[in-house]
Every structure is written in C-alpha cells, then in structure tokens.
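*Asks:* In case it helps, the working numbering puts the sequence shown at residues 17 to 424. No residue lacks a Cβ here, since even glycine has one placed at the ideal position from N, Cα and C. Everything numeric in this text was worked out from a predicted model, so none of it was measured.
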Amino acid sequence: MLATRWHSPMPYAKLLYMPIAQPAEAAPVPLTALSEDEKLFQATVRKFAREQIRPHVREMDEAGVFRKEIITQFFDMGLMAIEVPEEYGGQGGSFFQAVLAVEELSAVDPSAGVIVDVQNTLCLNALLRWATPEQKARYFPRLATNIVGAYALSEAGSGSDAFALNTRAEHRGDHFLLNGRKLWITNAAEAGLFLLFANARPEAGHKGITAFLIERGFSGFQVGKKEDKLGIRASSTCELILDNCRVPRENVLGEVGQGYKIAIETLNEGRIAIGAQMIGLARGALDHAVSYAKQRKQFGKTISEFQGVQFELAKMATDIEAARLLVYNAARLKEAGLPFQTEAAMAKYFASEMAEKAASKAIEVHGGVGFTKDYPVEKLYRDVKVGRIYEGTSNIQLLTIAKKLLGK
Ligand SMILES: Cc1cc2nc3c(=O)[nH]c(=O)nc-3n(C[C@H](O)[C@H](O)[C@H](O)COP(=O)(O)OP(=O)(O)OC[C@H]3O[C@@H](n4cnc5c(N)ncnc54)[C@H](O)[C@@H]3O)c2cc1C
Numbered sequence: 017m018l019a020t021r022w023h024s025p026m027p028y029a030k031l032l033y034m035p036i037a038q039p040a041e042a043a044p045v046p047l048t049a050l051s052e053d054e055k056l057f058q059a060t061v062r063k064f065a066r067e068q069i070r071p072h073v074r075e076m077d078e079a080g081v082f083r084k085e086i087i088t089q090f091f092d093m094g095l096m097a098i099e100v101p102e103e104y105g106g107q108g109g110s111f112f113q114a115v116l117a118v119e120e121l122s123a124v125d126p127s128a129g130v131i132v133d134v135q136n137t138l139c140l141n142a143l144l145r146w147a148t149p150e151q152k153a154r155y156f157p158r159l160a161t162n163i164v165g166a167y168a169l170s171e172a173g174s175g176s177d178a179f180a181l182n183t184r185a186e187h188r189g190d191h192f193l194l195n196g197r198k199l200w201i202t203n204a205a206e207a208g209l210f211l212l213f214a215n216a217r218p219e220a221g222h223k224g225i226t227a228f229l230i231e232r233g234f235s236g237f238q239v240g241k242k243e244d245k246l247g248i249r250a251s252s253t254c255e256l257i258l259d260n261c262r263v264p265r266e267n268v269l270g271e272v273g274q275g276y277k278i279a280i281e282t283l284n285e286g287r288i289a290i291g292a293q294m295i296g297l298a299r300g301a302l303d304h305a306v307s308y309a310k311q312r313k314q315f316g317k318t319i320s321e322f323q324g325v326q327f328e329l330a331k332m333a334t335d336i337e338a339a340r341l342l343v344y345n346a347a348r349l350k351e352a353g354l355p356f357q358t359e360a361a362m363a364k365y366f367a368s369e370m371a372e373k374a375a376s377k378a379i380e381v382h383g384g385v386g387f388t389k390d391y392p393v394e395k396l397y398r399d400v401k402v403g404r405i406y407e408g409t410s411n412i413q414l415l416t417i418a419k420k421l422l423g424k
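#1: Would you decide whether residue 267 is buried or exposed? Buried here means 16 or more other CB atoms lie within 10 Å of its CB.
#2: Answer yes or no: the CB of residue 176 versus the heavy atoms of ligand 1, is any distance below 6 Å?
#3: Give me the Cα-Cα distance between residue 316 and residue 328, rounded to the nearest whole angstrom.
#4: How about residue 136: is its Cβ closer than 6 Å to a heavy atom in ligand 1?
#5: In this structure, does DSSP put residue 280 in helix, strand or coil?
#6: Distance, Cα to Cα, residue 303 vs residue 331?
#7: Quick check on this structure: which residue in 172, 244, 391 has the alpha carbon closest to the alpha carbon of residue 70?
#8: What's the C-alpha gap between residue 217 and residue 342?
#9: Can you tell me which of the three DSSP states residue 268 falls into?
#10: For residue 340, which of helix, strand or coil comes out of DSSP?
#11: Report yes if the C-beta of residue 127 is less than 6 Å from at least one heavy atom of ligand 1; otherwise report no.
#12: Is residue 185 closer than 7 Å to residue 194 when the C-beta atoms are compared?
#13: Leaving aside the five residues before and after residue 103 along the sequence, list all residues of the same chain whose C-beta is less than 8 Å from its C-beta, in chain order.
#14: Look at the alpha carbon of residue 167 and the alpha carbon of residue 310, and state the distance between them as a whole number of angstroms.
#15: So for residue 404, helix, strand or coil by DSSP?
#16: Give the C-beta separation of residue 183 and residue 258 to the nearest angstrom, bearing in mind that I take them to be a contact with Cβ-Cβ under 8 Å.
#17: Can you find a heavy atom of ligand 1 that lies under 6 Å from the Cβ of residue 411?
#18: May I ask which residues mark the beginning and end of the beta strand (DSSP E) holding residue 187?
#19: May I ask whether a heavy atom of ligand 3 can be found less than 6 Å away from the beta carbon of residue 402?
#20: DSSP beta-bridge partners for residue 382?
#21: Can you tell me the Cα-Cα spacing of residue 117 and residue 128, whole angstroms?
#22: May I have a chain-ordered list of the beta strand (DSSP E) segments no shorter than 3 residues that lie completely inside the stretch 205–251?
#23: State yes or no: is the C-beta of residue 396 within less than 7 Å of the C-beta of residue 375?
#24: Answer yes or no: do residue 280 and residue 270 have a C-beta to C-beta separation smaller than 7 Å?
#25: Can you tell me whether residue 81 is helix, strand or coil according to DSSP?
#26: Closest to residue 383 by C-alpha separation, out of 414, 340, 337, 314, would be which residue?
#27: Return helix, strand or coil for residue 398, following the three-state DSSP convention.
#28: With a threshold of 6 Å, establish whether the CB of residue 416 neighbours any heavy atom of ligand 1.
#29: Just to confirm before moving on: does the CB-CB distance between residue 260 and residue 236 stay below 7 Å?
#30: Using only alpha-carbon positions, find the residue among 416, 147, 159 that is nearest to residue 134.
#31: Using the three-state DSSP reduction, which class does residue 297 fall into: helix, strand or coil?
#32: State the start and end residues of the unbroken beta strand (DSSP E) segment that holds residue 165.
#33: With H, G and I counted as helix, E and B as strand and the rest as coil, what does DSSP make of residue 102?
#34: Check whether the Cβ of residue 269 sits closer than 6 Å to any heavy atom of ligand 1, and report yes or no.
#35: Whole angstroms are fine: how far does the CA of residue 147 sit from the CA of residue 244?
#36: Do the stretch 396–407 and the stretch 339–355 touch if we need at least three Cβ pairs shorter than 8 Å?
Listed below in structure tokens is the structure:
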C-alpha cells in the first residue's frame, strides 16, 4: 500500500459544516480539572504528608526504615484501601484518587508514595478484578485496616523478561507446593499478604503462570535479605524464599494459568501511578528549588532575580505540567474504560525521565549545598533513579509504545 498522499480526498467542507450532534454532549473537561471530592481528597493528603511525614523523611531515609505509625495513619485515613468498596471497610474511592494520593505523598517522600502505590494499584487492584467473593471477604477487611500487601513477580533471572520466572507451583490436591525465590519485592518487610506469581504448568510456558495469595505465616514462606538501596531507602525491598511453601487451592487468584494476564493488566495500571510518583517527586524538587532561590543571595540579589535561574525553574514547571497531563490522561482513560496501555507506558516513560532532569536541576539551583544531605534535594536525586527501572524499565515502556506504532 502507498504511504499517505499529500492531496487526500477528505471532504473538508462537509466536515466543517456538519451539524453539532444532538442531544448536546457534555463538553470535555480539562485534564487537570478536579472534582470537588478530588480537590478535598488531594488537599487532605497534601496536608497530612507535609505535617505528619515531612518531619521524619530524613531520619527514615538514613535508617532505611519506614515508621510503623505512619503506615498506621495511612490505614486510618483510608489510604490503604482507596478503591475497596465500603462494604469491605474500604473507601469506595476511585483509581484517580489513588493516583492523586501517590502524587501528593511522593512530593514529600517518594518512599511513602510507593508503599501506597503497591497496596492500591497493584495488590488491591488485582483482587478487585480477579478475587472470588470469598477471597474478597477474607482479605479486603484486613487489607483495609492493618495488612500491607506486596506484589511478587520479579526474580534474579527474570526482570524485564518477567514471564521467564522460575518459581514453580506443584498441584497437590487441595493445595499447591511452591518453590523458588523472588527478588526486589517492595513492602516485603512490612507485608502480611503477598500476591505472588509462580508457574504451575511450566510446559505451557507463560500460560502456566498463576497468581497466588500468600499469607506471611504460611509454612515454607520466608522474607529474606533486605536490599541496601541508593534511593527510596525507607521503602523496603526484599527477597522472598519459598521452600515447599504450602498454599491452599482456594488461594489461587483467578484461574490457574491466568497469572500472566493478571500481571500484565495490573502493571499497566500500576505504571500510571509510578508516573504520579514521579510528578510528585519532581514537584517536591521544584518547590525546594523555588524556595531556595528566593532566599539565596549572590551578587547582592537573591538568585531568583537572575533570569538564568528563573528560566530553569520555568522549564521544570513546564515539564512537570506536561508529565501531569500524560499521567492524568492515562488515569482518566482507564477510569472511562477506554484503552490506556500505550498512554500508561508513555506517562511512566516521560514522567520518570522528566523527574530525573528536575531532581538534577534542583540540585544545581542549590549549588554546593544541594550536593549535601543537609538539603532534601540530594535525597530526591537518589530516589528518582528507580522510576526508570521498576514496573518496567524505560526501554520496556518504549517497546510497548513502539509495538503499538508498528501494529505488532
Ligand atoms: C527498588 C525496586 C523495587 C522493586 N519492586 C518490585 C516489586 O515490588 N515487585 C516486583 O515484582 N519487582 C520489583 N522490582 C523489580 C523491577 O521491576 C525490575 O528490576 C525491573 O523490571 C527490571 O528488571 P531487572 O532488574 O532484571 O533488569 P533487566 O531486565 O536485566 O534489564 C537490564 C537492562 O537491560 C534492558 N533491557 C532488558 N530487556 C530489554 C529489551 N528487550 N530491549 C531493550 N532493553 C532491554 C533494560 O531496559 C535495562 O536497562 C523492583 C526493583 C527495584 C529496583
């Protein structure tokens, strides 16, 4: 087939004068316009993050531990079960609210953002879609009140190539026996429930991958070494060890062999929230840069009076807004039940690249002090790196986008 011609036979005049559809459709709203509920929710989380989390950020980063009492506050505020229906003790909120929560928390501490992100957009999201009524009744009330969830897909040998996983599940009548190891599992130190992927029919390849709900106390299950990381140090990342771990048949999530679909679909949604984490982080970096620029004096003026500095701040703000439009659009598409996979990949790819530049620029605006632990931008620069790695590296997002472009 020939490529598109310059002179297309499109009936422009006809299109221009087509009557407006009747009855009048509601006008599309600006992407960043929030409903009254969303505004209130956003303001509440923002206030909480500034007042309750900010004073502990440095200490938690240094200790590499997230304060238990802040996690308890997350539960008390309903942030650990945003979309769970009220009948199960959740908030009956929306995916978009989860995105707003991750953004607001990450503006203060990206570790806080990822804890809430994994709970809502990966674990609960999967249960909302695939759990049986009995599984929902058993786990939602606990996940809404005091149980942290973790999402265990990656292994030492399978990261980007996630479905090459080696953890095996052997069917033994009323239960499965799981053997293998998982790596890089966020929230693992605190979690009570693990959504874990293992292959129950290796001969079927990725079509044998199955999702299991594993309680921390199950025999043969152990949380292993905790990683000593560059950034998001307060968020735990651990190895999991399954040594003849006995999992009841009723703890299979979805069907045997449906795990790859569950993993792909939850990660598509999770990626939007990682985009939100990155916008929040970049916004935090910009706020610090603006306030420092207004105080720091050189050549008898605050550095914010130099156009060179103003332009850097203006470029950061513009890039953040562009990323926010991508992230909010992907989230709104998902909520509208429209395809959003490519948009989610674009949002995560763009927001994480943008945030890395913003965190770097924020350090430069601070000059030498930005390079020290006395100022918060140094931490954001370390935290930001993971945005281009987890829930699919930047290359994996680009592969998703390219597949769509090329019709693969
Ligand atoms: C802090 C942290 C928290 C995490 N939390 C979780 C979690 O909760 N649950 C979980 O399951 N996993 C988690 N992960 C794992 C994460 O999802 C993986 O690290 C990620 O998918 C990349 O896999 P990998 O580390 O094996 O890198 P690799 O897959 O080995 O990639 C190495 C490099 O090769 C590139 N590459 C690989 N394949 C291709 C390709 N086909 N084309 C082009 N380039 C390619 C990658 O882009 C990357 O640059 C976490 C990781 C970190 C660092």
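*Replies:* A quick look at the data gives this:
#1: On the sequence shown, residue 267 is found 251 positions in, with the first residue counted as 1. A residue is called buried when at least 16 other Cβ atoms come within 10 angstroms of its Cβ; residue 267 meets this threshold and is buried.
#2: For the purposes of this step, residue 176 is taken as the residue at position 160 of the sequence shown. Yes.
#3: As a first step, residue 316 must be located in the sequence shown, where it is residue number 300. As a first step, residue 328 must be located in the sequence shown, where it is residue number 312. Those two C-alpha atoms are separated by around 20 Å.
#4: Taking the first residue of the sequence shown as 1, we reach residue 136 at position 120. Remark: the C-beta of residue 136 is outside contact range of ligand 1, defined as less than 6 Å to any heavy atom.
#5: Along the sequence shown, one-based indexing puts residue 280 at 264. It is helical.
#6: For the purposes of this step, residue 303 is taken as residue 287 along the sequence shown, with counting starting at 1. For the purposes of this step, residue 331 is taken as residue 315 along the sequence shown, with counting starting at 1. About 13 Å.
#7: In the sequence shown, the residue the question calls residue 70 occupies position 54. The residue from 172, 244, 391 with its alpha-carbon nearest to that of residue 70 is 391.
#8: Looking up residue 217 in the sequence shown gives position 201. Looking up residue 342 in the sequence shown gives position 326. Between residue 217 and residue 342, the C-alpha separation is close to 38 Å.
#9: For the purposes of this step, residue 268 is identified with residue 252 of the sequence shown, where counting begins at 1. Three-state DSSP puts residue 268 in a strand.
#10: The sequence position of residue 340 within the sequence shown is 324, counting from 1. Helix, per DSSP.
#11: On the sequence shown, position 111 is the one that residue 127 refers to. No, Cβ of residue 127 sits at least 6 Å from all heavy atoms of ligand 1.
#12: As a first step, residue 194 must be located in the sequence shown, where it is residue number 178. As a first step, residue 185 must be located in the sequence shown, where it is residue number 169. In contact: residue 194 and residue 185 (Cβ atoms closer than 7 Å).
#13: Walking along the sequence shown from the start, residue 103 turns up at place 87. Around residue 103: no qualifying Cβ.
#14: The residue given as residue 167 occupies position 151 in the sequence shown. The residue given as residue 310 occupies position 294 in the sequence shown. Going from the Cα of residue 167 to the Cα of residue 310 covers about 42 Å.
#15: Working through the sequence shown from its first residue, we reach residue 404 at position 388. Helix, per DSSP.
#16: Here the question's residue 183 lines up with position 167 in the sequence shown. Here the question's residue 258 lines up with position 242 in the sequence shown. Confirmed, about 6 Å.
#17: Locating residue 411 in the sequence shown gives position 395, where the first residue counts as 1. Remark: the C-beta of residue 411 is in contact range of ligand 1, defined as less than 6 Å to any heavy atom.
#18: Counting from one through the sequence shown, the residue named residue 187 turns up at place 171. That run of the beta strand (DSSP E) goes 184–188.
#19: The ligand content of the structure shown is limited to ligand 1, which means ligand 3 is not among them.
#20: The sequence position of residue 382 within the sequence shown is 366, counting from 1. In DSSP, residue 382 forms no bridge with anything.
#21: Here residue 117 refers to the residue found at position 101 when the sequence shown is read from its first residue. Here residue 128 refers to the residue found at position 112 when the sequence shown is read from its first residue. C-alpha separation (whole angstroms): 10 Å.
#22: If we require 3 residues or more, the beta strand (DSSP E) runs fully inside the stretch 205–251 come out as 209–215, 225–231, 237–242.
#23: Indexing the sequence shown from 1 puts residue 396 at position 380. Indexing the sequence shown from 1 puts residue 375 at position 359. Yes, these two residues count as a Cβ contact at 7 Å.
#24: To locate residue 280, count along the sequence shown from 1; it is residue 264. To locate residue 270, count along the sequence shown from 1; it is residue 254. A distance of 7 Å or more separates the beta carbons of residue 280 and residue 270.
#25: Position 65 of the sequence shown, counted from the start, is the residue given in the question as residue 81. In the structure shown, the three-state DSSP call for residue 81 is coil.
#26: As a working mapping, residue 383 is identified with position 367 in the sequence shown. From the listed residues 414, 340, 337, 314, the smallest Cα separation to residue 383 is found for 314.
#27: Position 382 of the sequence shown, counted from the first residue, corresponds to residue 398. In the three-state DSSP reduction, residue 398 falls in the helix class (H, G or I).
#28: Counting from 1 along the sequence shown, the entry for residue 416 is found at position 400. No - ligand 1 has no heavy atom lying nearer than 6 Å to the Cβ of residue 416.
#29: Translated into the one-based positions of the sequence shown, residue 260 becomes position 244. Translated into the one-based positions of the sequence shown, residue 236 becomes position 220. Closer than 7 Å, so yes.
#30: Residue 134 sits at position 118 when you count from the first residue of the sequence shown. Of the listed residues, the one whose Cα sits closest to residue 134 is 159.
#31: In the sequence shown, counting from the first residue as 1, residue 297 sits at position 281. Helix, per DSSP.
#32: If you number the sequence shown from 1, residue 165 lands on position 149. Residues 165–168.
#33: Numbered from its first residue, the sequence shown carries residue 102 at position 86. Reduced to three states, the DSSP call for residue 102 is helix.
#34: Counted from its first residue, the sequence shown places residue 269 at position 253. For ligand 1, not one heavy atom lies less than 6 Å from the Cβ of residue 269.
#35: Taking the first residue of the sequence shown as position 1, residue 244 is located at position 228. Taking the first residue of the sequence shown as position 1, residue 147 is located at position 131. So the alpha carbons of these two residues sit roughly 34 Å apart.
#36: The answer is no - the stretch 339–355 does not touch the stretch 396–407, with fewer than three Cβ pairs under 8 Å.
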